[in-house]
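> Handing you this structure, nothing more for now.
Residue numbers (the working numbering): 168 to 404.
Written out as structure tokens, the structure reads:
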């Protein structure tokens, strides 16, 4: 990685296009890619994605598609038409669904389909309450293997599992890490939290940062501070 901005994704977890546009303007050239998740997409629909793409920004569409294969394939096809750069499906949807998603994405070779493994709000106890045996690392490993073997070009997981995945599967896929918080910042509703340095050091290719940037008094300065931390790790590799 020559420019850490290639690996920083700013989460636009807000309820209006106007609020999102203010964040993008405030961050300026300190980030290239913005996450549009369920909150903003539900509030504003696909036009907010079109506007971001038209302005030259990259969009990580984080809607975590999880349905029957035909429905997910159709949704991926529509997302591809919007011009998004990355999108998420749930690995727990199974091999047929994952194959349908990745096949639908082939019309745009630049689109990266990412499979969500275990949400970063989950800890060991929470995983067991939904009936999943074993520990978080084992479940992430199982779902990552399923996703990568069925055509996904990357996975979404905490950096706490990233190093184990790199040892198992090497570097031929993306690892996008949410739940990233600079040292000393509140964890909010996240459980498996790491710092930017820890995430990149563990093998993440991208980190997703929301509130520490979007709620900062100076979002651009907050983003630059995170980029500096990321760059220090990248330079040491």
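Don't be surprised by glycine CBs; every beta carbon is placed ideally from N, CA and C.
(1) DSSP three-state label for residue 265, please.
(2) Quick one, are the C-beta atoms of residue 326 and residue 369 less than 8 angstroms apart?
(3) Residues in its own chain within less than 8 angstroms of residue 217 by CB, not counting five upstream and five downstream?
(4) Measure the C-alpha to C-alpha separation of residue 227 and residue 202 and round it to an integer number of angstroms.
(5) Suppose you measure from the CA of residue 267 to the CA of residue 346; what does that come to, to the nearest Å?
(6) Just to confirm the assignment, what range does the alpha helix (DSSP H) spanning residue 368 have?
(7) Please classify residue 385: is it buried, with 16 or more other beta-carbons within 10 angstroms of its beta-carbon, or exposed?
(8) Taking only three categories from DSSP, how would you classify residue 405?
(9) Spell out a yes or no on whether the segment 374-384 and the segment 171-183 are touching, meaning 3 or more CB-CB pairs, one atom from each, closer than 8 angstroms.
(10) Under a three-way DSSP split, which group does residue 239 fall into?
(11) Looking at the secondary structure, which residues open and close the beta strand (DSSP E) in which residue 282 lies?
(12) In three-state DSSP terms, what is residue 204?
(13) Straight-line CA distance for residue 170 to residue 372?
(14) Would you mind working out which of 307, 272 and 238 sits nearest residue 286, comparing C-alpha positions?
(15) What does DSSP give as the partner residue(s) for residue 323 in the beta ladder?
(16) Should residue 354 go down as buried or exposed, given a rule of 16 or more other Cβ atoms within 10 Å for buried?
(17) What does residue 257 pair with, by DSSP beta-bridge criteria?
(18) Using the DSSP secondary-structure output, state which residues sit across from residue 176 in a beta bridge.
(19) Can you tell me whether residue 211 is buried or exposed, with buried defined as 16 or more other CB within 10 angstroms of its CB?
Looking at the atomic coordinates:
(1) Locating residue 265 in the chain shown gives position 98, counting from the first residue. The answer is helix: DSSP assigns residue 265 an H, G or I state.
(2) The residue you call residue 326 lines up with position 159 of the chain shown. The residue you call residue 369 lines up with position 202 of the chain shown. It is a contact, given that the beta carbons lie within the stated cut-off.
(3) For the purposes of this step, residue 217 is taken as residue 50 along the chain shown, with counting starting at 1. Only 249 and 250 meet the Cβ criterion.
(4) Residue mapping note: residue 227 aligns to position 60 of the chain shown, counting from 1. Residue mapping note: residue 202 aligns to position 35 of the chain shown, counting from 1. Their Cα atoms are separated by approximately 5 angstroms.
(5) Here residue 267 refers to the residue found at position 100 of the chain shown. Here residue 346 refers to the residue found at position 179 of the chain shown. In a straight line, the C-alpha of residue 267 is about 28 angstroms away from that of residue 346.
(6) Here the question's residue 368 lines up with position 201 in the chain shown. Taken as a continuous stretch (DSSP letters only), the alpha helix (DSSP H) holding residue 368 covers 363-369.
(7) On the chain shown, position 218 is the one that residue 385 refers to. Residue 385 should be labelled exposed.
(8) No information on residue 405 is available, as it lies outside the stretch 168 to 404 that the chain covers here.
(9) yes
(10) Walking along the chain shown from the start, residue 239 turns up at place 72. It is helical.
(11) What you label residue 282 is simply residue 115 of the chain shown in a count that begins at 1. That run of the beta strand (DSSP E) goes 279-283.
(12) If you number the chain shown from 1, residue 204 lands on position 37. Here residue 204 sits in strand by DSSP.
(13) Translated into the one-based positions of the chain shown, residue 170 becomes position 3. Translated into the one-based positions of the chain shown, residue 372 becomes position 205. C-alpha separation (whole angstroms): 12 angstroms.
(14) For the purposes of this step, residue 286 is identified with residue 119 of the chain shown, where counting begins at 1. If we check each option's Cα against that of residue 286, 307 comes out closest.
(15) The residue labelled residue 323 in the question sits at position 156 within the chain shown. According to DSSP, residue 323 bridges with 283 and 343.
(16) By 1-based counting over the chain shown, the position of residue 354 is 187. Confidence is the limiting factor: at residue 354 the pLDDT is only 47, short of 50, which leaves the residue's position unreliable and the question unanswerable from this model.
(17) Taking the first residue of the chain shown as 1, we reach residue 257 at position 90. According to DSSP, residue 257 bridges with 283.
(18) Here residue 176 refers to the residue found at position 9 when the chain shown is read from its first residue. Paired residues: 200 and 375.
(19) As a first step, residue 211 must be located in the chain shown, where it is residue number 44. When all chains shown are included, residue 211 counts as buried.
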